[in-house]
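Asker:
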Amino acid sequence: MALTGLDIFKLLPKTNCGECGVPTCMAFAMKLASKGAELSACPYASEEATKVLGAASKPPIRLVKIGPSEFETQVGNETVMFRHEKTFVHPTAIAVAFSDGQPADKIAHQTAVIRDYCLERVGEQLRIDLALVENTTGEVDPFVKTVKEVAGTTGHGLILQSNNSEAIEAALQVLDGQRPLIHAATPENADTIAALALKYKAPVIAKADMLDSLAALTTKLAGLGVQDIVLEVPGDNPAAILQNNTIIRKAALKSTYEPLGYPVINFLTGRDLPDLVADASTLICKYGSIIVIDTLAMQALLPMMMLRQNIFTDPQKPIQVEPKIYPIGEPDENSPVLVTTNFSLTYFIVSGEIENSGVSAHLVIVETEGMSVLTGWAAGKFSGEKIGAFIKQSGLEDKVKSRKLIIPGYVAQISGELEEALPGWQIIVGPQEASDLAPFMKMHAG
Ligand code: SF4
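Sequential numbering from 634 applies to the sequence shown in the numbering used here.
(1) Given a threshold of 16 other Cβ atoms within 10 Å of its Cβ, counted over all protein chains shown, does Pro-1041 qualify as buried or as exposed?
(2) Using CA atoms only, rank isn't needed, just tell me which of Phe-976, Gln-876, Val-983 and Leu-978 is closest to Val-970.
(3) Does the Cβ of Thr-683 lie closer than 7 Å to at least one heavy atom of the ligand HEM?
(4) Which residue wins for smallest C-alpha separation from Ala-818, given the options Asn-899, Val-729, Leu-940 and Ala-830?
(5) Do the region 766 to 778 and the region 731 to 742 touch if we need at least three Cβ pairs shorter than 8 Å?
(6) Suppose the cutoff is 6 Å on Cβ atoms and the five residues either side in sequence are ignored; what does the same chain contact list for Gly-1017 look like?
(7) Compute every distance between the C-beta of Leu-645 and the non-hydrogen atoms of the ligand SF4, then say whether any falls below 7 Å.
(8) What are the residues that DSSP puts in a beta bridge with Val-766?
(9) Measuring CB to CB, does Thr-725 end up less than 8 Å from Arg-941?
(10) Spell out the partners DSSP gives Glu-757 in its beta bridges.
(11) State yes or no: is the C-beta of Gly-638 nearer than 7 Å to some heavy atom of the ligand SF4?
(12) At a cut of 8 Å, does the region 788 to 800 reach the region 960 to 980 through at least three beta carbon pairs?
(13) Any heavy atom of the ligand SF4 within a distance shorter than 7 Å of the CB on Pro-676?
(14) Taking the C-alpha atoms as reference points, what is the distance between Glu-681 and Thr-720?
(15) Which term fits Pro-964, buried or exposed, when burial requires 16 or more other beta carbons within 10 angstroms of its beta carbon?
(16) Can you have a look at Pro-951 and say buried or exposed, based on whether 16 or more other CB atoms are within 10 angstroms of its CB?
(17) Could you give the first and the last residue of the continuous alpha helix (DSSP H) run that contains Phe-976?
(18) Hey, would you say the C-beta of Gly-669 is under 7 Å away from at least one heavy atom of the ligand SF4?
(19) Apart from the five residues just before and just after Thr-979, which ones in its own chain have a Cβ nearer than 7 Å to its Cβ?
(20) Does the beta-carbon of Gly-651, which I'm using as the reference point, lie nearer than 7 Å to any heavy atom of the ligand SF4?
(21) Which ranges does the beta strand (DSSP E) cover as unbroken runs of at least 3 residues, wholly within the region 988 to 1021, from first to last along the chain?
(22) Could you pull the start and end residues of the beta strand (DSSP E) that Asn-822 belongs to?
(23) Can you name, in chain order, every residue of its own chain whose Cβ lies under 7 Å from the Cβ of Gln-758, other than the five neighbours on each side?
(24) Using the beta-carbon count (16 or more within 10 Å), is Tyr-833 buried or exposed?
(25) Do Ser-968 and Ser-993 have their C-beta atoms closer together than 8 Å?
(26) Give the straight-line distance between the Cα atoms of Tyr-895 and Ala-841, rounded to the nearest whole angstrom.
(27) Can you tell which of Val-708, Arg-812 and Ser-798 has its C-alpha closest to the C-alpha of Leu-864?
(28) Taking only the alpha-carbon atoms, compute the straight-line gap between Glu-652 and Ile-747 and give it to the nearest angstrom.
(29) In this structure, how does DSSP classify Val-954 when only helix, strand and coil are distinguished?
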């Protein structure tokens, strides 16, 4: 039976030292009960607590880390079926497939594209996460050569795909310490692959034809001491893969069924672009921890990256930009000063409209925990007092002479407060809608 927060609390030290990342033992107990933390985060847990809580506090879907520490990909640790229940945690990792039979110039070109690919969107940098090298030649030397080249150029974590355990071991030696993901342990080779995984401390993909044989395989691997497992989801068409992804997530979360409590990998190779984008979109939304693709076509990567960013944004935590003074254009000491909140969307819309106006300005972005203007004002985070204090601390008053501060039209009511907080400044109420900023800026230029 699952332990409640109170049951767990009784076993904790009750010193409220906060070292686990939350202020009290009770708060930590509640996190453990909801599988949002691991007992290992408390350095003072007694042996008895570790024994009793060990199983109860284990996350229902194991966290698996792949790749070198400087470019590590984490998958798993999910706790909900639906994003609106709380949040999805680790974005679906996108892996691009290579073959050791590909011409060297094609590999060189593709690895450089992966290394350099970076889509910047609402302040985040979106990248490809992993590369898979398939041993299509079946030979050791070309496989190792390709693995070296792909890892060396991209710097990314690798998935090593081969039926030849000698080739896998040779590649593991090359990547020692970089935690490549081994593809794959099967019911036939489980002992050999488990031994390699343990020797090189590498995570392993478990592969079987049916879900029940997959569960039997992970049970065997766990019995051999392999803990970091990723499930290759059986299914020969998108509907079957989607169905099995859902069954696995449900079994792990609702039934705490440990043999399927692992992240999953879905192979989406050999598709034309429209089918690839459709299938990838489905599996990004529905539980794919890693998807493997075999194209670097920008028209396929763009929608995948954007959808992934949207799905894996915490719905309770708005996307934010850093609170500071942003120069828009080439502002000088006579340029106007505008203020708004650090909600990403607000920042990008307002800065875009100022740019469109052609008038350079200083844009003051105040910390409101990502709230928009009206919400921030209602929550007391976008008040005259807070804006005034932020401007004073920022040193802006040493940089500008104009002493004119334009505030969003929706918070005209803070003008008085601001005048008190910023003596000598003239507070100008700007338009309510950002789309009216350009003509407003032109009118107030200079
Ligand atoms: S680290 Fe342990 S003792 Fe300290 S507050 Fe957290 S649960 Fe309590």
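Each residue gets a CB set at the ideal place from its N, CA and C atoms; glycine is no exception. The structure displayed is predicted, hence computed values, not measured ones.
Answerer: Let me lay it out:
(1) buried
(2) Val-983
(3) This structure lacks the ligand HEM; the ligands present are the ligand SF4.
(4) Ala-830
(5) yes
(6) Ile-1047, Glu-1050, Leu-1051 and Ala-1054
(7) yes
(8) Phe-731 and Leu-793
(9) yes
(10) Arg-754
(11) no
(12) no
(13) yes
(14) 32 Å
(15) buried
(16) buried
(17) It is not in any alpha helix (DSSP H) - Phe-976 carries neither H nor E in the DSSP assignment.
(18) no
(19) Thr-973, Ser-1005 and Val-1006
(20) yes
(21) 994 to 999
(22) It is not in any beta strand (DSSP E) - Asn-822 carries neither H nor E in the DSSP assignment.
(23) Cys-751
(24) buried
(25) yes
(26) 14 Å
(27) Val-708
(28) 39 Å
(29) coil
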